[in-house]
Amino acid sequence: MRKLFQPKSMVALLGAGLMLFSACNLNRKSSGEQNDAGEKLEKARVEEDVREFVYPLPTSFEVTEMLNRVGASYILTLSNPVSNVERYLTEKSKALNLGVYSADLSYASTYNQKQATIDYMDVSKKLIDALNVSAAISPDILDQIEARQDNKDELVDLITNTFFDTYEFLNQADRGAVSMLVLAGSWVEALYIVTHITEDTFKNKEMVAIVMNQKASLNTLMGLMEVAKDNPAVADVMNDLQPLYSIYNSIEDGSITETQMSRITEEVYKVRTKIVE
603 MRKLFQPKSM
613 VALLGAGLML
623 FSACNLNRKS
633 SGEQNDAGEK
643 LEKARVEEDV
653 REFVYPLPTS
663 FEVTEMLNRV
673 GASYILTLSN
683 PVSNVERYLT
693 EKSKALNLGV
703 YSADLSYAST
713 YNQKQATIDY
723 MDVSKKLIDA
733 LNVSAAISPD
743 ILDQIEARQD
753 NKDELVDLIT
763 NTFFDTYEFL
773 NQADRGAVSM
783 LVLAGSWVEA
793 LYIVTHITED
803 TFKNKEMVAI
813 VMNQKASLNT
823 LMGLMEVAKD
833 NPAVADVMND
843 LQPLYSIYNS
853 IEDGSITETQ
863 MSRITEEVYK
873 VRTKIVE
């Protein structure tokens with residue numbers, strides 16, 4: 603397993619069960635501490651947490667796999683068009699849309715959409731290069747993906763590891779704020795797809811459950827971004843997510859109303875439109 607850098611500024615969040623990645627102050631434990639069995643166990647637990655949430659792609663795969671299981675159709679027009687990649691000129695827009703495209707890549711590969719999978723990996727790689735983190739991934743990643751198109755498990759593992767490497771590279775390079783923007787873009791796109799795949803989301807219990815499953819991940823995301831809120835781009839995204847955060851946390855006992863569902867759908871549309879436009 604990879605060794606992850608552990609930021610001291612995240613200790614309080616770690617104690618609450620949140621994951622380790624800070625926008626700054628990334629430090630390794632001393633060799634003596636690493637030899638301690640308890641410390642190793644804690645590091646292993648943290649790395650598993652990272653793979654389950656902090657690293658963006660598994661969350662997207664989880665959401666889109668849920669859609670697949672409940673029989674929701676694949677709708678290409680829900681994804682951000684690959685042609686839009688030329689619009690993203692700032693570091694903020696590149697990072698957010700790398701997250702968006704990673705969710706679109708998850709969506710396409712989950713539904714075995716071979717050409718779309720290649721296309722979304724292609725634009726993701728363009729943004730990875732533009733963010734100067736191309737050293738984190740294999741130069742022949744597109745060929746590797748194409749070679750695994752008929753083996754979904756191997757394809758998912760390859761894509762997952764590719765984006766994990768990118769995310770980890772950003773954090774190790776002291777660019778944790780950028781990695782959080784990637785995560786935010788991925789979360790927004792996944793929720794956007796879920797809430798716009800049908801006009802009758804509220805009437806479908808399985809779809810409602812998928813939407814409600816995103817409450818915990820949003821709360822964790824906001825907690826992680828709080829660490830980097832001095833970064834203007836992160837603060838701006840937190841502000842954009844605040845309405846969704848408020849709606850989700852106004853829902854009592856997991857019993858969402860039709861009005862609350864409509865508001866979530868409207869607010870994620872607004873945030874997502876601002877990201878991809």
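Using the working numbering, read the sequence shown as starting at 603 and increasing by one per residue. Glycine residues also receive a C-beta, built at the ideal position from the N, C-alpha and C atoms. Computed from a predicted model, the values in this text were never measured in an experiment.
Reference residue i; option with closest CA among the options
i: Ala737; options: Glu748, Ala775 and Ala749; result: Ala775
i: Ala779; options: Glu828, Val672, Ala710 and Thr875; result: Glu828
i: Val702; options: Tyr713, Gln715, Asp838 and Ile730; result: Ile730
i: Ser857; options: Tyr690, Asn833, Lys817 and Gln715; result: Lys817
i: Arg750; options: Asn821, Met809, Leu785 and Thr719; result: Thr719
i: Ser695; options: Asn815, Val839 and Leu846; result: Val839
i: Leu843; options: Trp789, Thr861 and Ser781; result: Trp789
i: Glu688; options: Tyr713, Ser708, Glu667 and Lys728; result: Lys728
i: Asp759; options: Asn815, Leu820, Met863 and Thr712; result: Thr712
i: Gly757; options: Leu785, Ser708, Ala786 and Ser819; result: In the sequence as displayed, the identity of residue 757 is Leu instead of Gly. Comparing Cα-Cα distances from Leu757 to each of Leu785, Ser708, Ala786 and Ser819, the minimum goes to Ser708.
Beta-carbon proximity list for residue i, same chain, < 6 Å, skipping 5 on both sides
i: Tyr657; result: Confidence at Tyr657 is low in this model, with a pLDDT of 49, below 50, so the placement of that residue should be treated as unreliable; the coordinate-derived value is given next. Only Phe766 and Tyr769 meet the Cβ criterion.
i: Ile866; result: Ile849
i: Ala710; result: Ala718, Thr719 and Tyr722
i: Met824; result: Tyr847
i: Asn806; result: none
i: Glu808; result: Val672
i: Gln684; result: Sequence check: residue 684 is Val here, not Gln. Asp721 and Val725, listed in sequence order.
Test item: CB-CB of residue i and residue j under 8 Å
i: Glu791; j: Asp706; result: yes
i: Ile812; j: Leu680; result: no
i: Asn682; j: Tyr690; result: no
i: Leu744; j: Ala697; result: no
i: Val725; j: Leu772; result: no
i: Leu793; j: Ala835; result: no
i: Val665; j: Val796; result: yes
i: Ile799; j: Ala674; result: yes
i: Glu869; j: Phe804; result: no
i: Thr764; j: Ile739; result: yes
For residue i, the first and last residue of its enclosing alpha helix (DSSP H)
i: Tyr709; result: Glu693 to Thr712
i: Leu744; result: Ile743 to Ala749
i: Tyr722; result: Lys716 to Ala732
i: Leu772; result: Lys754 to Gln774
i: Val878; result: Glu860 to Val878
Spatial neighbours of residue i in its chain, beta-carbon cut-off 8 Å, leaving aside the 5 residues before and after
i: Glu748; result: Ile720
i: Glu879; result: Arg689
Beta-carbon proximity list for residue i, same chain, < 7 Å, skipping 5 on both sides
i: Gln715; result: Tyr676
i: Ser781; result: Phe623, Tyr769, Leu772 and Asn773
Closer than 8 Å to chain D by CB, residue i
i: Leu757; result: You won't find chain D in this structure, because it holds only one protein chain.
Identify every run of the beta strand (DSSP E) within the segment 790 to 848, keeping only runs that are complete inside it and at least 3 residues long; order them along the chain.
-> Segments of the beta strand (DSSP E) lying fully in the segment 790 to 848: there are none.
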